[in-house]
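Letter by letter, the sequence shown follows residues 440 to 888 of the working numbering. All residues carry an ideal CB built from backbone N, CA and C; glycine is no exception. Owing to the predicted nature of the structure, the values given are computational and were not obtained by experimental measurement. Read through the structure below, which is laid out as structure tokens, and then see the notes.
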Amino acid sequence: MDLTDRSCLVVGAGPVALRKIELLVAAGARVSVVAPAMHPDTAAFCAERAVRVERRRVQDSDCDGHLLVVAATGIAEVNESVSRACQARNTLVNCVDSPGLSNALFPALVDRGSVTVAVSTGGASPTLARRLRERIEATLPAGVGTLADYLSGKRSQIRAALGSVAERQRFWDRVLDGRLPDLLARGDAAAADALLSEELARTGPPVGMVSLVGAGPGDADLLTLKALHCLQRADVVLYDNLVGADILNRCRRDARKIHVGKRRAFPGTRQQVINEMLVKEARSGHRVVRLKGGDPFIFGRGGEETEALTEAEIPFEVVPGITAALGCAAYAGIPLTHRDLAHSVRFVTGHRTGGEFNLDWPELAAPSQTLAIYMGLEALPALCTQLIAHGAPPETPAAVVARATLPEQKMHLATIGELADPTREIPVSAPAITIVGEVVGHARSSGTQ
């Protein structure tokens, strides 16, 4: 709301009222204060800024003629009276710490000149809004206001040079991903202008690119900052079965989201279709994100996709993610390595090719290591039988962790001897990771046992 030269009233003159007076004065409002007594700091500020003050009790008629009234007396009866008077006059009113009496709320503000970020909890928790503001302030560059001013001055030039909204969006994304922000942060506007002209002079069809992004083990808060950055810039997102709604909600709102999850018994050419889609979308000039659960290069076929992109001469990047075994073990309290128990960890796929495992069983059955078995829930009895047959003690601890890092995570603790029994029911369902080794003794006691 533009408060420049608009009349606003603050009822109360304590420390809380002072904060509201300071905000309103900073916004350019004409502020009046009514209060029977003044805190010394409030009195000093009002005198310095020539704020009109009346030292008396508030009356209903004081609410006349103002755009906004703030009741900050700390006395519930007075604030309620001010709220009723304002509501009767269709005047905006903010009663501090009483959202039910307010039809206007003050957000927590991050002010960077031309860039302002407001955080509101609808009056539910001003403290939470303030803490969120502090997080944003810590990550928002100090010079972002200068950058916004520069871009504002160039909008008409770019609009004239580039006809469509999509072209302009791709142009600005490309420029902002480049050196322009750094040049302006150094105050080198001439170099920024030269860079902008150089980018405008680029000819030829738009060049897209592909980002292979690891979505992590499930919890959206475990996305890396770079993964989040890619999702918020993407035109197209191709995602797998294990990518949840919370993660997809972090994508840019107008991005096309295409489900390309592969399931057991799908035709073997499915991956080839995905490769072709990646190439086609990138050649159309789009920023494409291939979003995979866990890490793209851990049992995620990321290597096959980068081969296809390299052959098609499509620019790409790989953004690693927390692979499922790491997230699963961490949330279950299991250290994958331990000075006394496990000197190495092996990531193993439980997927069978032609009904057979292609695994080095003597190596996997060796002591003093940890096995993290992916995609092996259905084949777990056969896997554990082979481990025992090649020397692993049947009493070796194991943990089957399903829906890792999510609120519905469940863990089943057993021995590999028990898991080798095909008649024994495992009370969890896929997707799940099985961890085998003495380190499982550190598992938290929570979860399904």
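Candidates the options, of which the one nearest residue i by Cα
| i | options | result |
| --- | --- | --- |
| Ala781 | Leu803, Tyr770, Thr788 | Leu803 |
| Lys731 | Asp679, Ile827, Ile575 | Asp679 |
| Val682 | Asp693, Phe786, Leu667, Gly700 | Gly700 |
| Ile575 | Thr585, Ala557, Ser591 | Ala557 |
| Pro759 | Leu661, Gly830, Arg726 | Leu661 |
| Pro565 | Val583, Pro580, Leu544, Arg551 | Leu544 |
| His505 | Phe796, Val787, Ser471, Asp480 | Ser471 |
| Pro833 | Asp550, Ala805, Arg613, Leu623 | Ala805 |
| Arg863 | Leu852, Ser537, Leu579 | Leu852 |
| Ala563 | Phe738, Arg551, Gly539 | Gly539 |
| Pro656 | Leu819, His790, Lys459, Gly739 | Gly739 |
| Leu548 | Ser522, Leu579, Ala524 | Leu579 |
| Ala624 | Gly582, Leu571, Leu810 | Gly582 |
| Ala684 | Arg570, Arg709, Arg672, Asp658 | Asp658 |
| Ile697 | Ile686, Gln710, Leu677 | Leu677 |
| Leu507 | Arg495, Val521, Ala763 | Val521 |
| Thr481 | Leu457, Ala577, Glu750 | Leu457 |
| Gly880 | Ala869, Gly830, Asp779 | Asp779 |
| Gln808 | Leu826, Leu816, Glu795 | Leu826 |
| Ala763 | Phe755, Pro735, Glu516, Arg641 | Pro735 |
| Val490 | Arg609, Arg594, Ala568, Ile460 | Ile460 |
| Ile440 | Trp800, Val497, Pro546, Gln498 | Looking at the sequence itself, residue 440 is Met, so the reference to Ile does not match. Per the Cα distances, Pro546. |
| Trp800 | Ala831, Val497, Met814 | Ala831 |
| Arg672 | Trp611, Ala869, Ile761, Thr560 | Trp611 |
| Ala843 | Glu857, Pro861, Ile865, Thr873 | Thr873 |
| Pro774 | Leu810, Thr749, Phe796, Gly741 | Leu810 |
| Arg495 | Val509, Ala476, Ala483 | Ala476 |
Integer Cβ distance of residue i from residue j, believed to fall under 8 Å
| i | j | result |
| --- | --- | --- |
| Thr835 | Ile812 | Between Ile812 and Thr835 the Cβ distance is about 13 Å, and since that is not below 8 Å, they are no contact. |
| Gly724 | Ala882 | With 8 Å as the limit, Gly724 and Ala882 do not qualify as a contact, their Cβ atoms being about 49 Å apart. |
| Gln875 | Ala821 | The residue you asked about is not Gln; residue 875 is Val in the sequence shown. At roughly 14 Å, the Cβ-Cβ gap does not stay under 8 Å, so Val875 and Ala821 are not in contact. |
| Arg689 | Leu667 | 6 Å |
| Val784 | Leu798 | Not a contact, Cβ separation roughly 15 Å. |
| Val604 | Val727 | Not quite, the Cβ-Cβ distance comes to about 19 Å (not below 8 Å), so this is no contact. |
| Gly653 | Gly733 | 6 Å |
| Arg974 | Val712 | Outside the shown range of the chain (440 to 888) lies residue 974, about which nothing can therefore be said. |
| Ala828 | Gly789 | Contact doesn't hold; Cβ gap of about 16 Å is too wide. |
| Arg692 | Leu670 | Incorrect: roughly 11 Å between the Cβ atoms, too far for contact. |
| Arg551 | Gly584 | 4 Å |
| Arg528 | Asp503 | 7 Å |
| Val535 | Leu651 | Val535 to Leu651, Cβ: 50 Å. No contact. |
Residues of its chain near residue i, where Cβ-Cβ distance is below 6 Å and the 5 sequence neighbours each way are ignored
| i | result |
| --- | --- |
| Arg488 | Val464 |
| Gly451 | Ala474, Ala511, Thr512 |
| Ala466 | Leu442 |
| Ala587 | Ser553, Val554 |
| Gly707 | Note that Gly707 has pLDDT 43, beneath the 50 cutoff, so the model's placement of it is unreliable and no number is given. |
| Leu639 | Ala600 |
| Thr776 | Val784 |
| Val492 | Val472, Cys485 |
| Glu877 | Leu780 |
| Ala751 | Val718 |
| Asp499 | Ala524 |
| Leu571 | Val558 |
| Tyr589 | Leu623 |
| Glu847 | none |
Own chain, CB closer than 8 Å to residue i, minus 5 neighbours either side, in chain order
| i | result |
| --- | --- |
| Gln526 | Val532, Asn542 |
| Arg607 | Ile597, Arg598, Leu601 |
| Thr824 | Ala859 |
| Phe705 | Any reading at Phe705 must be qualified, since the residue scores a pLDDT of 49, below 50, and its modelled position is unreliable; the value itself is stated next. Correct list: empty, nothing qualifies. |
| Leu634 | Val614, Gly617, Arg618, Leu619, Leu622 |
| Ile753 | Gly647, Met648, Val649, Leu717, Val718, Ala721, Arg722 |
Residue i Cβ short of 7 Å to the ligand FAD heavy atom set
| i | result |
| --- | --- |
| Leu798 | The ligand FAD is absent from the structure shown, which contains no ligand whatsoever. |
Residue-chain proximity (residue i, chain B), Cβ-Cβ < 8 Å
| i | result |
| --- | --- |
| Leu798 | Within the model displayed, chain B is absent; a lone protein chain is all it includes. |
7 Å Cβ shell around residue i - same chain, five flanking residues per side excluded
| i | result |
| --- | --- |
| Ala468 | Leu442, Arg445, Cys447 |
| Ser537 | Asn518 |
| His478 | Ala452, Gly453, Pro454, Leu457 |
| Ala871 | Leu816, Val839, Val840, Ala841 |
| Ile737 | Thr762, Phe786 |
| Glu857 | Arg863 |
>> Measuring CB atoms only, is the stretch 736-748 touching the stretch 767-780, in the sense that at least three cross pairs come out at less than 8 Å?
In response: Short answer: they don't touch.
>> Give the list of continuous alpha helix (DSSP H) stretches no shorter than 4 residues that lie fully inside the stretch 715-781.
In response: Complete alpha helix (DSSP H) runs here, min 4: 741-750, 763-771.
>> Measuring CB atoms only, is the stretch 715-724 touching the stretch 627-643, in the sense that at least three cross pairs come out at less than 8 Å?
In response: With a cut-off of 8 Å, the stretch 627-643 and the stretch 715-724 do not count as touching, because too few Cβ pairs lie within range.
> Taking the runs of the alpha helix (DSSP H) that are 4 residues or longer, which of them lie wholly in the stretch 510-563?
Replying inline: For the stretch 510-563, whole alpha helix (DSSP H) runs of length 4 or above, ordered along the chain, are 515-527.
> Along the chain, which unbroken stretches of the alpha helix (DSSP H) at least 4 residues long are found entirely within the stretch 650-718?
Replying inline: With a minimum length of 4 residues, the continuous alpha helix (DSSP H) runs that stay inside the stretch 650-718 are 664-672, 684-687.
> At what residue ranges does the stretch 791-857 contain a whole run of the beta strand (DSSP E), taking only runs of 3 or more?
Replying inline: If we require 3 residues or more, the beta strand (DSSP E) runs fully inside the stretch 791-857 come out as 809-813, 836-841, 849-854.
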